[in-house]
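In the UniProt record's numbering, the protein residues as written are 1 to 339.
Below is one structure, written out as structure tokens, with a few remarks after it.
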Amino acid sequence: MGYECDSRFIAAHDLPAVLIDLARSRGIDSHHLLRGCELFYEDIVTGRARVSPAQFLRLIANARRLLDAPDSSFLFGQRLWPGHYGAASQLLEQADNLLQALQDLGRYRALLSPLLTPVLHLDEQYLHLYWRDSCGAAEQLPFLLEASMTAVVALARRQQHERLPWRLQFAYAEPRHVEQYWVHLSDELSFDRPSTVMSLPREYLLRPWPHAGATGAHIARQQCDQQLAQWGWQGSLLDELHAHLSAHIHQPLSLERVAEAFATSPATLKRKLSKHGSHFQERLDRARCELALYLYQVKGCSNDEVAQRLGFNDITNFRRSFKRWTGRVPSELGGLLCR
Numbered sequence: 001m002g003y004e005c006d007s008r009f010i011a012a013h014d015l016p017a018v019l020i021d022l023a024r025s026r027g028i029d030s031h032h033l034l035r036g037c038e039l040f041y042e043d044i045v046t047g048r049a050r051v052s053p054a055q056f057l058r059l060i061a062n063a064r065r066l067l068d069a070p071d072s073s074f075l076f077g078q079r080l081w082p083g084h085y086g087a088a089s090q091l092l093e094q095a096d097n098l099l100q101a102l103q104d105l106g107r108y109r110a111l112l113s114p115l116l117t118p119v120l121h122l123d124e125q126y127l128h129l130y131w132r133d134s135c136g137a138a139e140q141l142p143f144l145l146e147a148s149m150t151a152v153v154a155l156a157r158r159q160q161h162e163r164l165p166w167r168l169q170f171a172y173a174e175p176r177h178v179e180q181y182w183v184h185l186s187d188e189l190s191f192d193r194p195s196t197v198m199s200l201p202r203e204y205l206l207r208p209w210p211h212a213g214a215t216g217a218h219i220a221r222q223q224c225d226q227q228l229a230q231w232g233w234q235g236s237l238l239d240e241l242h243a244h245l246s247a248h249i250h251q252p253l254s255l256e257r258v259a260e261a262f263a264t265s266p267a268t269l270k271r272k273l274s275k276h277g278s279h280f281q282e283r284l285d286r287a288r289c290e291l292a293l294y295l296y297q298v299k300g301c302s303n304d305e306v307a308q309r310l311g312f313n314d315i316t317n318f319r320r321s322f323k324r325w326t327g328r329v330p331s332e333l334g335g336l337l338c339r
């Protein structure tokens with residue numbers, strides 16, 4: 001069913017160490033930084049410690065509180081990819097182009113982005129990159145979005161030696177530190193939108209990267225696949241549930257039916273979702289909302305087409321549900337920034 005918020009599989013000396021080193025560079029004591037994380041700095045430097053997403057999220061919460069600086073998430077993001085994380089980072093370093101790097105990032109998200117799932121969509125003119133919460137980030141979600149989007153922007157800029165014309169929209173209000181968005185992300189920003197997405201013209205996706213290496217990337221990909229096979233998962237429980245709901249979205253869905261599809265009991269599935277701060281109806285609504293926004297914004301579908309794809313027979317009921325999901329009726333939605 002995928003990894004869960006308490007699955008200990010994240011190498012503490014990889015992604016968490018990047019944040020730890022950032023905090024230590026600003027004079028933060030590691031003992032205070034790791035408080036409540038069930039982890040000691042001495043464990044990290046052995047190279048054997050593994051942490052769960054929940055522990056990682058607690059580390060992020062501690063770092064945010066102790067650093068108390070508006071640029072923390074952006075500096076963290078600039079240091080993320082590629083890093084010293086073995087085969088997965090080699091894939092990003094040796095990618096042929098930006099599109100391949102983003103595809104590898106999605107495929108090996110458990111290794112490179114275990115807390116947020118990158119979701120790629122391509123239309124005739126643009127790439128659209130969405131981010132889905134993988135493990136119940138709650139109040140840490142804005143920090144993770146800022147860091148992950150900065151990581152992508154910085155990776156592309158380093159490899160292509162130019163600042164790319166990203167256009168970004170965010171599903172939350174403009175923050176007080178918006179100047180950090182201008183510096184680290186883009187001038188083309190929009191807040192209070194239905195979804196968080198970064199878009200880029202397709203012409204930038206296939207420009208060759210200078211360190212591309214087919215042989216090295218092939219070996220690195222094999223090593224990453226072996227790691228995922230050893231774990232027995234590619235994504236999180238919430239990822240797997242989202243994929244199942246999306247694939248059957250036009251059918252009647254219930255906790256009981258979905259639990260049966262996952263070969264577990266309704267009580268167990270309910271307990272697992274509660275552990276992630278969620279419940280079945282919320283996951284179903286999110287799957288419906290994400291698909292609806294994709295159909296409206298990327299595919300340009302009509303109200304009737306979207307309602308039909310989501311299994312609604314009554315267009316009035318669909319509009320009412322859509323407003324509950326997004327706070328807007330479809331006519332107030334508008335397209336993506338680049339449409």
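Beta carbons are placed, not taken as given, at the ideal position from N, Cα and C, and that holds for glycine.
The structure displayed is predicted, hence computed values, not measured ones.
Drop a sphere of 10 angstroms on the beta-carbon of residue i, count the other beta-carbons inside from all chains shown, and report buried for 16 or more, exposed for fewer.
{"i": "A173", "result": "exposed"}
{"i": "S279", "result": "Correcting the residue type first, residue 279 is His in the shown sequence and not Ser. By the neighbour-count rule (16 or more Cβ atoms within 10 Å), H279 is not buried but exposed."}
{"i": "D21", "result": "exposed"}
{"i": "L129", "result": "buried"}
{"i": "R339", "result": "At R339, the pLDDT of 45 sits below 50, so the modelled position is not reliable; the number obtained from the coordinates is stated separately. The residue is exposed, with fewer than 16 neighbouring Cβ atoms inside 10 Å."}
{"i": "G232", "result": "exposed"}
{"i": "N317", "result": "exposed"}
{"i": "T196", "result": "buried"}
{"i": "T150", "result": "buried"}
{"i": "Q159", "result": "buried"}
{"i": "S302", "result": "exposed"}
{"i": "F40", "result": "exposed"}
{"i": "R324", "result": "exposed"}
{"i": "V329", "result": "exposed"}
Among the options, which has the Cα closest to the Cα of residue i?
{"i": "R167", "options": "E139, L127 and F143", "result": "L127"}
{"i": "A69", "options": "Q180, N313 and H31", "result": "Q180"}
{"i": "I44", "options": "A12, L75 and L59", "result": "A12"}
{"i": "L116", "options": "E124, R107 and L122", "result": "R107"}
{"i": "Q90", "options": "P175, Q222, P118 and Q308", "result": "Q222"}
{"i": "Q78", "options": "L57, D29, S148 and V119", "result": "S148"}
{"i": "G311", "options": "V258, L141, I249 and L291", "result": "I249"}
{"i": "L255", "options": "E282, Y296 and L120", "result": "E282"}
{"i": "R202", "options": "R58, H121, L185 and R319", "result": "H121"}
{"i": "R309", "options": "L245, F74, P53 and A217", "result": "L245"}
{"i": "A171", "options": "C135, L293 and L241", "result": "L293"}
{"i": "H211", "options": "F56, D29, P82 and L39", "result": "P82"}
{"i": "R288", "options": "C224, P252 and A261", "result": "P252"}
{"i": "G235", "options": "D123, G86 and S134", "result": "S134"}
{"i": "G36", "options": "A220, F56 and A49", "result": "F56"}
{"i": "Q227", "options": "F9, E38, L59 and E332", "result": "F9"}
How is the beta strand (DSSP E) around residue i delimited, first residue to last?
{"i": "M198", "result": "V197 to P201"}
{"i": "S190", "result": "E188 to S190"}
{"i": "H32", "result": "Run containing H32: none in the beta strand (DSSP E); it sits in the alpha helix (DSSP H), S30 to L33."}
{"i": "W231", "result": "That residue, W231, is in no beta strand (DSSP E); its alpha helix (DSSP H) goes A214 to W231."}
{"i": "V185", "result": "It is Leu, not Val, that sits at residue 185 in the sequence shown. Counting along the chain, L185 falls outside any beta strand (DSSP E), and DSSP gives it neither H nor E."}
{"i": "F158", "result": "The sequence as given places Arg at residue 158; Phe does not occur at that position. Run containing R158: none in the beta strand (DSSP E); it sits in the alpha helix (DSSP H), L141 to Q160."}
{"i": "R132", "result": "Y126 to D133"}
Residue i lies in the alpha helix (DSSP H); which residues open and close that run?
{"i": "D304", "result": "N303 to R309"}
{"i": "residue 340", "result": "The first residue shown for the chain is 1 and the last is 339, placing residue 340 beyond what the model contains."}
{"i": "W166", "result": "Note, W166: premise wrong, no alpha helix (DSSP H); not H, not E."}
{"i": "R58", "result": "P53 to L67"}
{"i": "R319", "result": "I315 to T326"}
{"i": "R176", "result": "Counting along the chain, R176 falls outside any alpha helix (DSSP H), and DSSP gives it neither H nor E."}
{"i": "Y41", "result": "Y41 to I44"}
{"i": "R207", "result": "That residue, R207, is in no alpha helix (DSSP H); it is neither H nor E in DSSP."}
{"i": "G106", "result": "L98 to R107"}
Go through the stretch 241-309 residue by residue and report every complete run of the beta strand (DSSP E) that reaches 3 residues or more, in order. Taking 3 residues as the minimum length, the stretch 241-309 contains no beta strand (DSSP E) run wholly inside it.
Pairs of beta-carbons, one from the stretch 90-104 and one from the stretch 26-40, closer than 8 Å: are there three or more? These segments do not touch.
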